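Asker: In order, the protein sequences belong to chains A, B and C.
UniProt numbering numbers the first residue of the first sequence as 1 and each following residue consecutively.
UniProt numbering numbers the first residue of the second sequence as 1 and each following residue consecutively.
UniProt numbering numbers the first residue of the third sequence as 1 and each following residue consecutively.
In this text, a Cβ means the ideal position worked out from N, Cα and C, and glycines have one as well.
Please read all numbers here as calculations on a predicted model, not as lab measurements.
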Amino acid sequence: MISAPKVRTHTTIRLHRRRAALFGSIVTAVGLLVNLPAFAQTITVWSGYPEMAPFYEHVAQGLKAKNPNLTVKVEAIALREHEKRIALGLTSGSAGATVIELQGSTVRRYLENDLLPKAPDAVATFVKNPANFGEFFSSNASYNGTVYGIPLFRGQAALFYNTDMFKAAGLSAPPKTVDEYTQYAEKLTKRDATGNATVSGWSLRLSGGGQGIAEKFWINLFQFGGSVLEQTPDGKWRANYANEAGRATLKQYLQNVHVLKTVTPEMPADAEALERGQTAMFIRESWVIGDIASKAPNLNYATAPLPRGSIALPTNLYVKANGDAAKAAWEFALATNEPENLVWLLKNVGWLPNRTGVDFSSVTKAAPAFAAFVDYPKDYKFFTLPSIAPIEEVLTRLAAHLTNAFRNSALAKDDAAIDAFLKTAADETNQILRREDLLGK
Amino acid sequence: MQRKKWIFATLAILPTLVIFAYVRIYPIGDTLRLSLHKWDILSKNKPFIGLANFEELMGDPLFLDAFVNTTVIAFGVLFITIPLALVLAALIHHRTRSHFVGFYETSIFIPHIVSLVPAAMAWKWIFDARLGPLNALLTTFGFSPKAWLFDPVLSVICIIVLCSWQALGYAVMIYLVGFKSLPTSLYEAAKLDGASGPQSFWRISVPLLKPITLYVSVVTLVSGFNVYAQAFVLASDSQGAPGRQVRVLVLDMLENSFRNYRVGYAASEAVVLLAIVLVLTLIQFRLLREKGRA
Amino acid sequence: MSTVTDRTRALGMARIRRRSFVDLSIDVVLTLFCLLMILPLVLLVSNAFKTPQEMLAWPPTVIPDVPTLSNFKAVLADTPLLRWVANSLSFALLSTLCILMTSAITGYILGKFRHRLLSVFFAIILATAIVPFEVYMIPLYFQAQSLGVLNSTWGLLLGYLVMSFGIFLVRQNVIHSIPDELLEAARIDGAGELWIFWRIVLPLLRGTLGALGILAFFQAWTSFAWPLIVATTRETYTIEVGLALFQTGFTVDLGRLSAASAVVLIPSVTLFVLLRRNFVQGVASTGLKE
């Protein structure tokens with residue numbers, strides 16, 4: 001079928017930035033907090049982002065005043081390990097009273113297998129209230145219409161660029177089209193006497209373990225109008241990158257690595273590179289703002305929206321607990337969404353809160369870099385990872401293929417070879433989907 | 001008295017028997033069972049699927065990649081370690097009465113006992129393309145720096161170097177014991193016949209040490225096939241300074257079970273690993289027996 | 001003009017001189033090689049004392065220009081490093097104890113008692129000795145899970161309770177170094193079986209068990225794959241896992257990483273230097289095949 005329907009993963013999020021409806025929700029939250037258990041209570045927060053630990057501790061601190069008997073243990077570890085402990089902890093039931101931070105796309109399989117309880121009514125009402133969360137976020141925290149989690153923050157990407165380097169290269173505005181990204185990268189690259197890049201013009205994710213490479217590839221692919229997976233009319237999925245968009249995306253990588261040599265796999269990359277002046281620009285989520293503030297406060301940088309749109313990966317809080325412990329855990333999860341805490345989150349950590357109607361202006365004014373994440377063009381598109389069980393396997397395997405492709409200079413000028421490569425990778429993606437009975441027609 | 005003796009024996013061995021059954025025999029059996037099932041951590045249905053996991057393995061590029069890498073690493077380590085260890089042990093044995101023997105033994109052996117992770121960290125820095133001393137050394141001598149941890153071939157070589165560095169101490173130590181057990185009379189006779197040191201090394205030591213060489217080879221090969229921590233740390237997931245992920249069998253196994261939740265599939269990989277080790281051990285026994293007959 | 005005796009003396013001198021020259025060059029080669037072997041660790045320790053600026057300097061320095069303790073301070077403040085070391089220590093010591101107990105008693109029984117079932121058991125032990133731990137690690141993990149011992153020393157211990165090689169080693173030593181007559185004489189004197197094991201067998205096995213203990217300790221101390229899946233909370237990491245995951249944050253700070261690693265090197269290197277003789281004996285005994 002040529003007239004494929006609009007890819008449904010590209011859900012558009014409308015960020016309400018109204019400042020109303022605050023009062024009601026605070027009342028709800030406080031109302032819940034009245035029913036505090038009388039005896040000592042310990043809840044554990046599992047987070048997959050080490051930088052989120054201070055936030056949860058801040059929330060716990062706030063609760064301490066109201067409930068001195070509550071002890072909150074925050075265990076924030078790297079995302080990979082975090083997902084593993086969830087899979088193992090939930091299936092064994094040995095997790096104890098736990099507040100679990102999880103991406104909406106990952107949580108689906110736990111819900112399918114009844115491994116997480118649904119949210120209490122008060123929480124469900126809070127989440128479903130459009131004054132609190134947009135439909136995208138509340139449905140991301142729900143399954144079959146039932147609320148299971150509380151939306152908290154999202155990963156959304158934008159371009160970060162070093163303004164001093166832009167100035168030095170005679171560039172006054174951020175790149176607006178995908179083609180401009182390559183042109184800019186070429187101008188921004190600094191080279192030594194032998195022509196080898198010393199500062200990358202555009203830091204691309206070219207190596208490393210895990211699915212990150214494929215996720216970043218997807219973001220770039222999205223700018224060309226493609227996606228790694230697309231939903232088919234029967235509600236299933238199939239690979240959507242062995243096509244023109246996929247070729248253009250991969251070609252852009254190869255062009256930068258092998259033809260223009262604006263970046264190499266072994267160059268320092270990511271936030272660290274930007275902070276140390278080792279790259280001129282890169283695409284990343286908003287937490288980088290907080291990271292720069294703490295590690296490179298003197299860096300002159302700015303942010304810009306991406307040409308077409310961005311990934312939006314909502315992360316929600318779920319609870320695995322019984323009885324009074326469950327009550328305390330849900331109270332904690334609700335408390336994270338108190339406006340004061342959300343402002344603290346944005347200001348000190350930099351992840352974007354999902355709640356509507358909170359006044360973040362004090363933060364966004366002080367750090368203009370947030371603008372690219374909240375003031376984006378009207379037709380800005382968003383996509384999220386599909387909520388299917390083998391999503392990580394699909395991405396990890398694609399990542400393994402991509403790592404090899406990025407190294408292969410012979411591919412750079414050979415469209416047919418690129419197409420063949422993409423077809424092999426896409427066949428494997430579809431094969432995984434078929435195995436799990438998720439392959440659409 | 002005889003009865004008492006046997007009651008004691010039964011009671012004494014029972015705890016070990018129980019523990020052994022629980023932590024060795026049962027899980028090994030379970031691995032075999034899981035390998036025949038579509039056993040996903042999260043799904044309630046865990047159907048028997050016969051050899052389907054193994055069939056899938058044969059066409060799985062990541063597994064084949066892991067298999068090739070692991071084999072190359074295991075044999076690479078073998079071919080570096082064994083000759084080097086033999087020569088080093090001969091030299092150290094020759095200098096037994098030197099004051100430095102303690103230093104030699106200690107420094108060659110320390111890499112074997114320090115924890116893997118700190119050691120791998122040290123090597124990660126040495127191999128670092130931009131900041132590492134290895135490239136600094138290369139450029140000083142006019143060679144161009146290499147992307148050690150990123151190139152598909154070089155990154156495997158890095159792991160071989162790291163593993164050999166760690167395996168060498170053990171091999172040297174075993175060889176030293178071997179040298180000490182060789183009859184000195186043979187060497188004295190050889191000396192009277194005018195044989196030089198290297199000559200008696202080749203003509204006497206090497207052949208006589210063959211059983212030890214076989215033993216060390218198998219130990220080195222088997223531990224080479226279990227390589228994991230080195231690949232984990234050298235690539236790591238840190239986003240500022242990544243490295244190319246060298247996929248090895250144990251890594252692929254753990255990824256399949258704890259990341260893709262496909263425990264049955266991972267178990268079938270474990271069975272393949274077991275088969276490799278079994279074959280290697282059988283070959284060793286075969287070679288030893290032939291040696292015994294000769 | 002030199003006389004004949006002078007000539008032979010000169011020849012003898014020359015031979016000795018040549019010999020000492022060969023020995024000297026062997027010493028030089030060995031020393032150089034040994035320095036090369038420990039160089040990575042020396043560099044690691046040196047990095048631990050470098051400032052972040054010096055860490056990034058090119059070319060890299062071997063001895064820090066401005067040694068600083070800030071990496072150590074930061075690491076000890078940011079991570080429960082000492083806790084991790086303590087976890088590893090308690091795990092390794094308990095594992096050593098368990099392995100020594102199970103190996104000593106089982107090795108003794110298998111060595112001195114003859115019964116067809118015992119031979120079968122010994123054959124099974126030998127057969128499983130070659131199965132790599134990684135092969136059955138995952139089912140064992142689910143057993144730990146059902147026992148509810150994940151994230152605890154007991155969970156770690158589960159994988160390291162027995163050591164096939166230890167049983168084998170003790171058995172071989174019992175057979176070769178404890179004569180049957182000795183045990184029979186004790187029995188005739190009316191000694192109980194437990195007394196015999198405790199007072200006669202164990203003292204005779206002291207050397208073997210010492211060597212085995214050291215092997216067992218380092219096996220647990222350097223274990224990685226098992227602790228990585230069993231201990232997943234920050235408080236229960238072993239030092240190996242803690243260190244490995246320490247670098248998987250968003251950014252990596254090599255100076256601190258080196259400082260943490262250097263701290264970890266201290267216990268194992270100290271232990272090794274103190275017990276080198278026993279250790280060498282232990283390792284050597286692994287190579288003694290019958």
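#1: Counting contacts by CB-CB distance shorter than 9 Å, is residue 43 (chain B) in contact with chain A?
#2: For residue 295 (chain C), go through chain A and note every residue whose CB falls closer than 7 Å to its CB, in chain order.
#3: So, at 7 Å on beta carbons, what are the nonlocal neighbours of residue 287 (chain A) in its own chain, with the 5 sequence-adjacent residues on each side left out?
#4: Buried or exposed: residue 140 (chain A), going by 16 or more other Cβ atoms within 10 Å of its Cβ?
#5: Residue 26 (chain B) touches chain A at which residues, Cβ-Cβ below 8 Å?
#6: Pick out the complete alpha helix (DSSP H) segments inside the region 179-242 of chain A, 4 residues or longer, and give them in chain order.
#7: Just the C-alpha distance for residue 251 (chain B) and residue 65 (chain B), rounded to the nearest angstrom, thanks.
#8: Would residue 294 (chain B) pass as an interface residue toward chain A - the criterion being a Cβ-Cβ separation below 9 Å?
#9: Leaving aside the five residues before and after residue 77 (chain B) along the sequence, list all residues of the same chain whose C-beta is less than 7 Å from its C-beta, in chain order.
#10: So what does DSSP say about residue 205 (chain C), is it helix, strand or coil?
#11: Taking C-alpha atoms, which residue in B:124, B:186 and B:212 lies nearest to residue 154 (chain B)?
#12: Measure from the alpha carbon of residue 316 (chain A) to the alpha carbon of each residue in A:97, A:57 and A:107, then state which is nearest.
#13: Rounded to the nearest angstrom, how far is the Cβ of residue 171 (chain B) from that of residue 81 (chain B), given a contact under 8 Å?
#14: Less than 9 Å between CB atoms is the rule here; does residue 52 (chain C) satisfy it with respect to chain B?
#15: Could you work out which residues of chain C lie near residue 84 (chain A), taking near to mean beta carbons separated by less than 9 Å?
#16: Residue range of the beta strand (DSSP E) that residue 442 (chain A) falls in?
#17: Where do the N-terminal and C-terminal ends of the alpha helix (DSSP H) with residue 41 (chain A) fall, by residue?
#18: Skipping 5 residues on each side, what residues in its chain have a beta carbon closer than 6 Å to that of residue 269 (chain B)?
#19: Is the beta carbon of residue 314 (chain A) less than 9 Å from the beta carbon of residue 137 (chain A)?
#20: In whole angstroms, what separates the C-alpha of residue 50 (chain B) from that of residue 175 (chain C)?
#21: Counting pairs of Cβ atoms below 8 Å between the region 151-171 of chain C and the region 40-48 of chain B, do you hit three or more?
#22: Do you know how far the Cα of residue 400 (chain A) is from the Cα of residue 62 (chain B)?
#23: Between the region 143-176 of chain C and chain B, which residues of the former have CB atoms less than 8 Å from a CB of the latter, in chain order?
#24: Under 8 Å Cβ-Cβ, which residues of chain B neighbour residue 244 (chain C)?
#25: With DSSP run on the structure shown, which of helix, strand or coil describes residue 5 (chain B)?
#26: Does the CB of residue 115 (chain A) have a neighbour CB from chain C at under 9 Å?
#27: Identify, in the order they occur along the chain, each residue of the same chain with its Cβ nearer than 7 Å to the Cβ of residue 230 (chain B), setting aside the five sequence neighbours on each side.
#28: Should residue 256 (chain B) go down as buried or exposed, given a rule of 16 or more other Cβ atoms within 10 Å for buried?
#29: Using beta carbons (cut-off 9 Å, strictly below), is residue 276 (chain A) in contact with chain C?
#30: Chain A partners of residue 183 (chain B), CB-CB under 8 Å?
#31: Could you work out which residue in B:106, B:23 and B:15 is closest to residue 147 (chain C) when comparing CA atoms only?
#32: Based on Cα-Cα distance, which residue from B:132, B:118, B:174 and B:144 lies nearest to residue 217 (chain B)?
#33: Any C-beta of chain A sitting closer than 9 Å to the C-beta of residue 209 (chain C)?
#34: Quick check on residue 93 (chain B): does DSSP put it in helix, strand or coil?
#35: Any C-beta of chain C sitting closer than 9 Å to the C-beta of residue 81 (chain A)?
#36: Using beta-carbon positions only, say whether residue 58 (chain C) and residue 84 (chain B) come within less than 9 Å of one another.
Answerer: A quick look at the data gives this:
#1: Taking the first residue of the second sequence as 1, we reach residue 43 (chain B) at position 43. Yes - at least one Cβ of chain A is within 9 Å of the one on residue 43 (chain B).
#2: Residue 295 (chain C) cannot be examined here, being either before or after the span of chain C that is shown, 1 to 290.
#3: On the first sequence, residue 287 (chain A) is found 287 positions in, with the first residue counted as 1. Hits under 7 Å: 51, 349, 350 and 351.
#4: For the purposes of this step, residue 140 (chain A) is taken as the residue at position 140 of the first sequence. Looking at its Cβ environment, which holds 16 or more other Cβ atoms inside 10 Å, residue 140 (chain A) is buried.
#5: Taking the second sequence and counting its residues from 1, one reaches residue 26 (chain B) at position 26. Those within 8 Å of residue 26 (chain B) in chain A number zero; the least Cβ separation is about 18 Å.
#6: 212-223
#7: Within the second sequence, numbered from 1, the residue matching residue 251 (chain B) stands at position 251. Within the second sequence, numbered from 1, the residue matching residue 65 (chain B) stands at position 65. Rounded to the nearest angstrom, the two C-alpha atoms are 11 Å apart.
#8: The residue labelled residue 294 (chain B) in the question sits at position 294 within the second sequence. Caution applies to residue 294 (chain B), whose pLDDT of 42 falls short of 50 and renders its modelled position unreliable; the model cannot decide the point.
#9: Taking the second sequence and counting its residues from 1, one reaches residue 77 (chain B) at position 77. Taken in chain order, the residues that qualify are 160, 163, 164, 167, 220 and 224.
#10: Position 205 of the third sequence, counted from the start, is the residue given in the question as residue 205 (chain C). Residue state, collapsed to three classes: coil.
#11: Within the second sequence, residue 154 (chain B) is the residue found at index 154, counting from 1. When only C-alpha atoms are compared, the closest one is B:124.
#12: For this step, residue 316 (chain A) is matched to residue 316 along the first sequence. Closest by alpha carbon: A:107.
#13: The sequence position of residue 171 (chain B) within the second sequence is 171, counting from 1. The sequence position of residue 81 (chain B) within the second sequence is 81, counting from 1. Right, the Cβ-Cβ distance comes to about 5 Å (below 8 Å), so this counts as a contact.
#14: Reading the third sequence from its first residue, position 52 is the one you call residue 52 (chain C). Not closer than 9 Å to any Cβ of chain B, the Cβ of residue 52 (chain C) fails to qualify, so no.
#15: Within the first sequence, the letter at position 84 stands for residue 84 (chain A). In chain order: 229 and 232.
#16: Shown here, chain A extends from 1 to 441; a query on residue 442 (chain A) therefore has no answer.
#17: Along the first sequence, read from residue 1 onward, the residue named residue 41 (chain A) stands at position 41. Run containing residue 41 (chain A): none in the alpha helix (DSSP H); it sits in the beta strand (DSSP E), 41-47.
#18: Within the second sequence, numbered from 1, the residue matching residue 269 (chain B) stands at position 269. Hits under 6 Å: 253.
#19: Locating residue 314 (chain A) in the first sequence gives position 314, counting from the first residue. Locating residue 137 (chain A) in the first sequence gives position 137, counting from the first residue. The answer is yes: Cβ separation under 9 Å.
#20: Here residue 50 (chain B) refers to the residue found at position 50 when the second sequence is read from its first residue. Here residue 175 (chain C) refers to the residue found at position 175 when the third sequence is read from its first residue. Rounded to the nearest angstrom, the two C-alpha atoms are 45 Å apart.
#21: No, because fewer than three Cβ pairs between the region 151-171 of chain C and the region 40-48 of chain B fall closer than 8 Å, the two stretches do not touch.
#22: For the purposes of this step, residue 62 (chain B) is taken as residue 62 along the second sequence, with counting starting at 1. For the purposes of this step, residue 400 (chain A) is taken as residue 400 along the first sequence, with counting starting at 1. Roughly 8 Å separates the two Cα atoms.
#23: Taking 8 Å as the upper bound on Cβ-Cβ separation, chain B lies near residues 143, 158, 159, 161, 162, 164 and 167 of the region 143-176 of chain C.
#24: For the purposes of this step, residue 244 (chain C) is identified with residue 244 of the third sequence, where counting begins at 1. Chain B residues near residue 244 (chain C): 117, 229, 232, 233 and 236.
#25: Position 5 of the second sequence holds residue 5 (chain B). Here residue 5 (chain B) sits in helix by DSSP.
#26: As a first step, residue 115 (chain A) must be located in the first sequence, where it is residue number 115. For residue 115 (chain A), not one C-beta of chain C is nearer than 9 Å to its own C-beta.
#27: Numbered from 1 along the second sequence, position 230 holds the residue referred to as residue 230 (chain B). Closer than 7 Å at the Cβ level, and outside the excluded window around residue 230 (chain B), lie 116, 120, 159, 162 and 163.
#28: For the purposes of this step, residue 256 (chain B) is taken as the residue at position 256 of the second sequence. By the 10 Å Cβ count, residue 256 (chain B) comes out buried.
#29: Here residue 276 (chain A) corresponds to residue number 276 of the first sequence, with the count starting at 1. Residue 276 (chain A) counts as touching chain C.
#30: Locating residue 183 (chain B) in the second sequence gives position 183, where the first residue counts as 1. Those do not exist, as residue 183 (chain B) stays about 53 Å from chain A at its closest Cβ, beyond 8 Å.
#31: Stepping through the third sequence from its first residue, residue 147 (chain C) is reached at position 147. When each option's Cα is compared against that of residue 147 (chain C), the closest is B:23.
#32: By one-based count along the second sequence, residue 217 (chain B) stands at place 217. Residue 217 (chain B) has its Cα closest to that of B:174, out of B:132, B:118, B:174 and B:144.
#33: Looking up residue 209 (chain C) in the third sequence gives position 209. No, residue 209 (chain C) lies away from the interface with chain A (no Cβ there is under 9 Å from its Cβ).
#34: As a first step, residue 93 (chain B) must be located in the second sequence, where it is residue number 93. It is helical.
#35: Looking up residue 81 (chain A) in the first sequence gives position 81. Judged by the 9 Å Cβ criterion, residue 81 (chain A) is in contact with chain C.
#36: Reading the third sequence from its first residue, position 58 is the one you call residue 58 (chain C). Reading the second sequence from its first residue, position 84 is the one you call residue 84 (chain B). Not closer than 9 Å, so no.
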